[in-house]
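Colleague:
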Amino acid sequence: MEIPPQEAPPGPGADADADAEAEAEEASAEAESPTGTSPPADGRLKAAAKRVTFPSDEDIVSGAVEPKDPWRHAQNVTVDEVISAYRQACQKLNCRQIPKLLRQLQEFTDLEQRINCLDLKGEKLDYKTCEALEEVFKRLQFKVVDLEQTNLDEDGASALFDMIEYYESATHLNISFNKHIGTRGWQAAAHMMRKTSCLQYLDARNTPLLDHSAPFVARALRIRSSLAVLHLENASLSGRPLMLLATALKMNMNLRELYLADNKLNGLQDSAQLGNLLKFNCSLQILDLRNNHVLDSGLAYICEGLKEQRKGLVTLVLWNNQLTHTGMAFLGMALPHTQSLETLNLGHNPIGNEGVRNLKNGLISNRSVLRLGLASTKLTCEGAVAVAEFIAESPRLLRLDLRENEIKTGGLMALSLALKVNHSLLRLDLDREPKKEPVKSFIETQKALLAEIQNGCKRNFVLVREREEKQQLQLSASMPEITITAPQPLEESGELPAVGSQNGAPRPGPGPDSDSDSDSDREEQEEEEEDQRNQQRDEGGNDQSSLASCPALIPSTDSLGPGDKSPPSSPSSPTEQRISVSSPGRGHKVFVVTRVESPPERPEPPVPPTFVSSPPPSPPSPPASPPSQTMDIQDPESSEAQPQLETSQAGQPLPNGLKPEFALALPPEPPPGLEAKGGSCSLEHALHRSQGVSKLEELLLEASQEAPRDTL
127 MEIPPQEAPP GPGADADADA EAEAEEASAE AESPTGTSPP ADGRLKAAAK
177 RVTFPSDEDI VSGAVEPKDP WRHAQNVTVD EVISAYRQAC QKLNCRQIPK
227 LLRQLQEFTD LEQRINCLDL KGEKLDYKTC EALEEVFKRL QFKVVDLEQT
277 NLDEDGASAL FDMIEYYESA THLNISFNKH IGTRGWQAAA HMMRKTSCLQ
327 YLDARNTPLL DHSAPFVARA LRIRSSLAVL HLENASLSGR PLMLLATALK
377 MNMNLRELYL ADNKLNGLQD SAQLGNLLKF NCSLQILDLR NNHVLDSGLA
427 YICEGLKEQR KGLVTLVLWN NQLTHTGMAF LGMALPHTQS LETLNLGHNP
477 IGNEGVRNLK NGLISNRSVL RLGLASTKLT CEGAVAVAEF IAESPRLLRL
527 DLRENEIKTG GLMALSLALK VNHSLLRLDL DREPKKEPVK SFIETQKALL
577 AEIQNGCKRN FVLVREREEK QQLQLSASMP EITITAPQPL EESGELPAVG
627 SQNGAPRPGP GPDSDSDSDS DREEQEEEEE DQRNQQRDEG GNDQSSLASC
677 PALIPSTDSL GPGDKSPPSS PSSPTEQRIS VSSPGRGHKV FVVTRVESPP
727 ERPEPPVPPT FVSSPPPSPP SPPASPPSQT MDIQDPESSE AQPQLETSQA
777 GQPLPNGLKP EFALALPPEP PPGLEAKGGS CSLEHALHRS QGVSKLEELL
827 LEASQEAPRD TL
């Protein structure tokens, strides 16, 4: 008996096999359909042709919606409109109105600019109350929005932060003492920090930032944030939140101030994260770590980061972190490497005298610390002596705090002596009451020393003010300016006289304000005189023109005494006008270019011409050396004899009808000797030569030109 084969029950893949067979049948049916194309020669099936159509350009976009302008309600708004809208919102949401808010709204006057402050401190804000505040935020902007201790929950905090982000309501936001913000509240706050470009200051003191909320804030600070100041005191940051925050801030270039006090930061993992932050972030300027547990081990990590701070951290606060003399050794080694640290606060740490000694060499080597806090650091007179050594060596220390230490007569004496050497310290904080001494007279000595120390600080303050005023004067003097001043006698001038002539007129004597020490003036003068000499020779040696072109010689200011810089024979005209243009030069010099505009002088009476035919007999001239050597052999005594020479020779006519001013170029009469006799003989020989008057005048002219050139 044959048993018929039984069909196997359908397994879990039976449905899949059935679907595959159905798809194969459909494919074969499509291939055999008349609409399909004939199969190719190789037997493979070819897919049926498909068509795709698109609508016309006019039908592609069915409509568009413009985004709502967040400030559509803030145009030409008035206080009454804001108050009315807020009251209507409170009635609609069935929530209470905030009387403190209504009083502030009534006091607002200028609604077009950011209002200074919206103070809601201490008001209880639930979700509905926060929703009603949107009617205010959509119409007004503020500089400060104070939400401290407002008992915000997650819903209310999320709503408020979304409003502040959307309407850009504040530049400074205070959300401190709100312990129930929660994860959603911090998430909205992080979104606000990332999206709001105007928010610069966030105060979140005593607002816990726990493990679940820290990643949102860290991501906001890492990607993009305009925050410059962040307060996170007592925010439970120790552990993973601080690690996330420090890692994010390594790439943040906008944050300038970070306050992390009262977070129970330890000396191992937390301090290591802060040290890594200081290694990579050079834009942070203030780091406040007061009231933590950094310890000496944690300070070692922080000092490793401090060594990398060449142009970043300015203020470091380590107040009350259980630091001892061991940690001061690490800090003393790091201080010479820091170039930007200006304020170092080590108060309320048991540093002791040994710790100050470990710190002293580093402070002396450091060139940036301006303010040092050592209050309540268990210092005695021995530690004060070490501090005094640093004061005496520091040329830039501005403030030192030594309060709440046992510094008695010896330490005060060392500080007083150091202040006599130091000229920068402006404030030295000490306990007002003197310390107890076994000898009663020492108490009076302490009072006297305290007074001397305060007087030394006051003296330094006066010196600093005088120095600043002097720098301002120098700065104002170096600024380019154009002034028109009345003529004044030049008391101290190191400039040499200049000689100029216009249109062949007699050139006036050199004035005290003329500038002849420039090369261009000398070259122009020499060219003009050379042209005049050639012209005189062409005219046949006209005596009058030669006398008009000859300058009056005056001894240079170099040969005058130190107290007499201006020649007595060349006073400035009382009617002339000077236009001075000053410009800054190198260093602290100021170069002044002066143009003297004087009215035309009265023409001198013409000198009667002398003829060349016969030289008149000349009276015996005083003994003198040749003219070419007159300026080279002058000594400082010639300045004293010069006024007498002018008065004695001003009225005596010189040979050949020369002007009396030529006597000014002659040196004083030397003592009798061989040199004097030789000089007088040579001069008489030159005067009695038979070449005529014109030759003599040419020699005198050349001598007058060479004399001032040698002194230059």
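Each residue of the sequence shown is one higher than the one before, counting from 127 in our numbering. Cβ atoms here follow ideal geometry from the backbone N, Cα and C, with glycine treated the same way.
Which of the three DSSP states is assigned to K534 in this structure?
Modeller: Position 408 of the sequence shown, counted from the first residue, corresponds to residue 534. Correct three-state label for K534: coil.
Colleague: Report back the beta-carbon spacing between C324 and L286 to the nearest angstrom; my notes put them in contact at under 8 Å.
Modeller: Numbered from 1 along the sequence shown, position 198 holds the residue referred to as residue 324. Numbered from 1 along the sequence shown, position 160 holds the residue referred to as residue 286. With a Cβ gap of about 16 Å, C324 and L286 do not count as contacting.
Colleague: From the DSSP output, which residues share a beta bridge with F268?
Modeller: If you number the sequence shown from 1, residue 268 lands on position 142. Beta-bridge pairing links F268 to I241.
Colleague: Tell me which residues share the same chain as G488 and place their Cβ nearer than 8 Å to its Cβ, disregarding the 5 neighbours each side in the sequence.
Modeller: Along the sequence shown, one-based indexing puts residue 488 at 362. So the qualifying residues of the chain are L457, G458, M459, A460, L461, P462.
Colleague: Along the alpha helix (DSSP H) that carries N407, what are the first and last residues, could you check?
Modeller: To locate residue 407, count along the sequence shown from 1; it is residue 281. Premise fails: N407 is in no alpha helix (DSSP H) and is neither H nor E.
Colleague: Under three-state DSSP, which class holds G424?
Modeller: Residue numbering aside, residue 424 sits at position 298 when the sequence shown is read from its first letter. Looking at G424 - three-state DSSP - the assignment turns out to be helix.
Colleague: Could you check the C-alpha separation between E570 and G473 for me, to the nearest Å?
Modeller: Your numbering for residue 570 matches position 444 in the sequence shown. Your numbering for residue 473 matches position 347 in the sequence shown. Approximately 28 Å, taken between the alpha carbons.
Colleague: May I ask which residues mark the beginning and end of the beta strand (DSSP E) holding G499?
Modeller: By 1-based counting over the sequence shown, the position of residue 499 is 373. G499 -> beta strand (DSSP E) spans 497 to 499.
Colleague: Decide if N581 is buried, meaning its Cβ has at least 16 other Cβ atoms within 10 Å, or exposed.
Modeller: Counting from one through the sequence shown, the residue named residue 581 turns up at place 455. Classification of N581: exposed, given that the 10 Å Cβ count is below 16.
Colleague: Reducing DSSP to helix, strand and coil, say where D206 ends up.
Modeller: Taking the first residue of the sequence shown as position 1, residue 206 is located at position 80. Of the three classes helix, strand and coil, the one that applies to D206 here is helix, per DSSP.
Colleague: What does the alpha-carbon distance come out to for the pair A574 and E383?
Modeller: For the purposes of this step, residue 574 is taken as the residue at position 448 of the sequence shown. For the purposes of this step, residue 383 is taken as the residue at position 257 of the sequence shown. Straight-line Cα distance between these residues: approximately 41 Å.
Colleague: Compare the Cα-Cα distances from A455 to each of S466, E430, N300 and report the closest residue.
Modeller: Start at 1 with the first residue of the sequence shown, and residue 455 comes out as number 329. Cα-wise, what sits closest to A455 is E430.
Colleague: CA-CA distance, D272 and A372?
Modeller: Here residue 272 is taken as the residue at index 146 of the sequence shown, counted from 1. Here residue 372 is taken as the residue at index 246 of the sequence shown, counted from 1. Taking the straight line joining both Cα atoms gives about 27 Å.
Colleague: Taking the alpha helix (DSSP H) that T373 belongs to, which residues open and close that run?
Modeller: Numbered from its first residue, the sequence shown carries residue 373 at position 247. Run containing T373: 366 to 375, per the alpha helix (DSSP H) assignment.
Colleague: Excluding the five sequence neighbours on either side, which residues of its own chain have a C-beta within less than 8 Å of the C-beta of S579, listed in chain order?
Modeller: Walking along the sequence shown from the start, residue 579 turns up at place 453. In the sequence as presented, Ser is not what sits at residue 579; that position holds Ile. Answer for I579: L538, L541, S542, L545, L554, L556, listed in chain order.
Colleague: So, E584 versus K561, is the Cβ gap smaller than 8 Å?
Modeller: As a working note, residue 584 is residue 458 in the sequence shown. As a working note, residue 561 is residue 435 in the sequence shown. The sequence shown places Lys at residue 584, rather than the Glu named in the question. No, Cβ-Cβ distance for K584 and K561 is not below 8 Å.
Colleague: For E261, name the three-state secondary structure that DSSP assigns.
Modeller: For the purposes of this step, residue 261 is taken as residue 135 along the sequence shown, with counting starting at 1. Residue state, collapsed to three classes: helix.
Colleague: Please list, in chain order, all residues of the same chain as N274 whose beta carbon is under 7 Å from its beta carbon, the five residues on each side excluded.
Modeller: Looking up residue 274 in the sequence shown gives position 148. As written in the sequence, residue 274 is Glu, which differs from the Asn given in the question. Here the set comprises K247, N300, S302, F303.
Colleague: Is P521 buried or exposed, if buried means 16 or more other CB atoms sit within 10 Å of its CB?
Modeller: Counted from its first residue, the sequence shown places residue 521 at position 395. Counting Cβ neighbours within 10 Å, P521 comes out exposed, since fewer than 16 surround it.
Colleague: So N300 is in the alpha helix (DSSP H); what residue range does that whole segment cover?
Modeller: Mapped onto the sequence shown, residue 300 falls at position 174. From DSSP, N300 is part of no alpha helix (DSSP H) but of the beta strand (DSSP E) over 298 to 300.
Colleague: Are the CB atoms of D422 and G453 within a distance shorter than 8 Å?
Modeller: Reading the sequence shown from its first residue, position 327 is the one you call residue 453. Reading the sequence shown from its first residue, position 296 is the one you call residue 422. Yes.
Colleague: So what's H317 in DSSP terms, helix, strand or just coil?
Modeller: Within the sequence shown, numbered from 1, the residue matching residue 317 stands at position 191. In this structure, H317 counts as helix in the three-state DSSP scheme.
Colleague: Please determine, among K254, T235, C243, the residue with the shortest C-alpha to C-alpha distance to L219.
Modeller: Residue mapping note: residue 219 aligns to position 93 of the sequence shown, counting from 1. Selected option, being the one with the closest Cα: K254.
Colleague: Straight-line CA distance for P334 to K250?
Modeller: One-based indexing of the sequence shown puts residue 334 at position 208. One-based indexing of the sequence shown puts residue 250 at position 124. Near 19 Å, if we compare the C-alpha coordinates of K250 and P334.
Colleague: Among the residues of its own chain, which have a CB less than 8 Å from the CB of A354, if the five just before and after it don't count?
Modeller: By one-based count along the sequence shown, residue 354 stands at place 228. Around A354: Q326, Y327, N380, L381, R382, E383.
Colleague: Which whole-angstrom value describes the C-beta separation of R331 and M377, a residue pair presumed to lie in contact below a C-beta threshold of 8 Å?
Modeller: Residue mapping note: residue 331 aligns to position 205 of the sequence shown, counting from 1. Residue mapping note: residue 377 aligns to position 251 of the sequence shown, counting from 1. About 25 Å separates the two Cβ atoms, so there is no contact after all.
Colleague: Quick check on the DSSP output: what are the complete beta strand (DSSP E) runs of length 3 or more inside the segment 425 to 452, in order along the chain?
Modeller: 441 to 443, all fully within the segment 425 to 452.
Colleague: Straight-line CA distance for V513 to I490?
Modeller: Taking the sequence shown and counting its residues from 1, the one referred to as residue 513 is at position 387. Taking the sequence shown and counting its residues from 1, the one referred to as residue 490 is at position 364. About 10 Å.
Colleague: Between K264 and R240, how many whole angstroms is the CB-CB distance? I'm expecting something under 8 Å.
Modeller: For this step, residue 264 is matched to residue 138 along the sequence shown. For this step, residue 240 is matched to residue 114 along the sequence shown. Not confirmed; about 15 Å, so no contact.
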